[in-house]
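This note's numbering numbers the first residue of the sequence shown as -17 and each following residue consecutively.
In this text, a Cβ means the ideal position worked out from N, Cα and C, and glycines have one as well.
Since the structure comes first, as structure tokens, the remarks are kept for the end.
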Amino acid sequence: MSVAETRPSSDGGHMALKSALTGEFMNATWRLQQWLTEPNNPRSLSARARAKRWREFISRFPDLSAMRVLDLGGLPSFWRTVPQHPAQVVTVNIADAEVTAPWLRHVVDDACAPNSLRGERFDLVVSNSLLEHVGGYARRRALASVIHEYADLHWVQTPYRFFPIEPHWAFPGMQFLPVRLQTVAARHWPLSHGKAPDHHNAVDAVLGTELLSLTEMRLLFPKSTIWHERVLGLTKSLVAVQDRPASPA
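Structure below.
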């Protein structure tokens, strides 16, 4: 028997160690994702933030149950799960959705130009995490005009550009990286809500997400109060709130 045959092979040990470390990394990643972004975990950071946001929303609009609400960019599924629903909700989204309640109505349309709603009026316009996805400042300005046109009151939430963790991919500082590196993160970062299947989809997702600053929110909603939704003392989201009719200019 040769020396080579009697010497313990290190390849198997290295592979076992690599597999163990990979498993530990994936377990740690899963636990971190559960804590940060898992919507079905009531103790997750995002779930607690949503609960806090809802409490603030209800405190601003205590008569919600009597209101007719327009939700731009939303879906009926959100309103079916809230603790208190309005008298009527119309959701507008480019995606179709099932409606299972008589007080809900869904419209497939462009939230920045909802032609199918012409002539309608609402008590309140709501928009959550849409502003950053509509595609450029001109489109955001068009969305703001729609919000002002359809109701005197509004609640418009968007993630804050300078929160240290990019909210869609849960990647620290991703919004400040070159596009090339952002696309790599969009494809491979394990904490993201949904990994892009290929390079082109990753580029579309990255370039289709433009987080807003406080300055831009004030430009779009000059008469609104800007509420800072905070996590660990840092502003995570900005919400433009008009909870009473604005005074005439």
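Residue environment for H136: buried (at least 16 other C-beta atoms within 10 angstroms of its C-beta). Take R35, set aside five residues on each side of it, and the residues of its chain with a beta-carbon closer than 8 angstroms to its own are Q139, E211, S219, V221, in chain order.
Of the residues assessed, G56 falls on the buried side of the cut-off, its CB having 16 or more other CB atoms within 10 angstroms. Shown here, L214 sits in coil according to DSSP, grouped into three states, outside any helix or strand. Counting along the chain, S109 sits inside the beta strand (DSSP E) bounded by residues 106 to 110. Judged by their CB atoms, L113 and V51 are not nearer to each other than the 8 angstroms cut-off. Cβ contact annotation for R143 (same chain, cutoff 7 angstroms, sequence separation greater than five): Q157, L193, L194, S195, in chain order. For the pair W209 and H182, the Cα-to-Cα distance works out to about 36 angstroms.
Check the Cα spacing between G190 and each of F203, L173, P204, A168: the tightest is with A168. In terms of Cβ geometry, R87 and V72 form a close pair [threshold 8 angstroms]. Look at P58 here: in three-state DSSP terms it is helix.
Counting other Cβ atoms within 10 Å of its Cβ, H150 reaches 16 or more and is therefore classed as buried. Counting along the chain, R87 sits inside the beta strand (DSSP E) bounded by residues 86 to 90. The straight-line gap separating the alpha-carbon atoms of R100 and S109 is approximately 18 angstroms.
Contact check for P96 and V81: beta-carbon distance about 17 angstroms, past the 8 angstroms limit, so the pair fails to qualify.
If you look at H136, you'll find it isn't in any alpha helix (DSSP H); it sits in the beta strand (DSSP E) that goes 135 to 141. Considering only I147, P227, Q66, the residue with the shortest C-alpha distance to I40 is Q66. T207 is classed as exposed because its beta carbon has fewer than 16 other beta carbons within 10 Å across all chains shown. With 16 or more neighbouring CB atoms inside 10 Å of its own CB, E148 falls in the buried class. For T207, the secondary structure class from DSSP, reduced to helix, strand or coil, is strand.
Straight-line measurement puts the Cα of E198 at about 28 angstroms from the Cα of L46. For the 8 angstroms CB-CB criterion, W171 and F153 form a contact. The C-alpha of P204 lies about 36 angstroms from the C-alpha of P84. Contact check for V89 against I76 fails: the beta carbons are separated by 8 angstroms or more. The DSSP-derived three-state label of V223 is strand.
By the neighbour-count criterion, in which 16 or more other beta carbons inside 10 Å mark a residue as buried, Y132 falls on the buried side.
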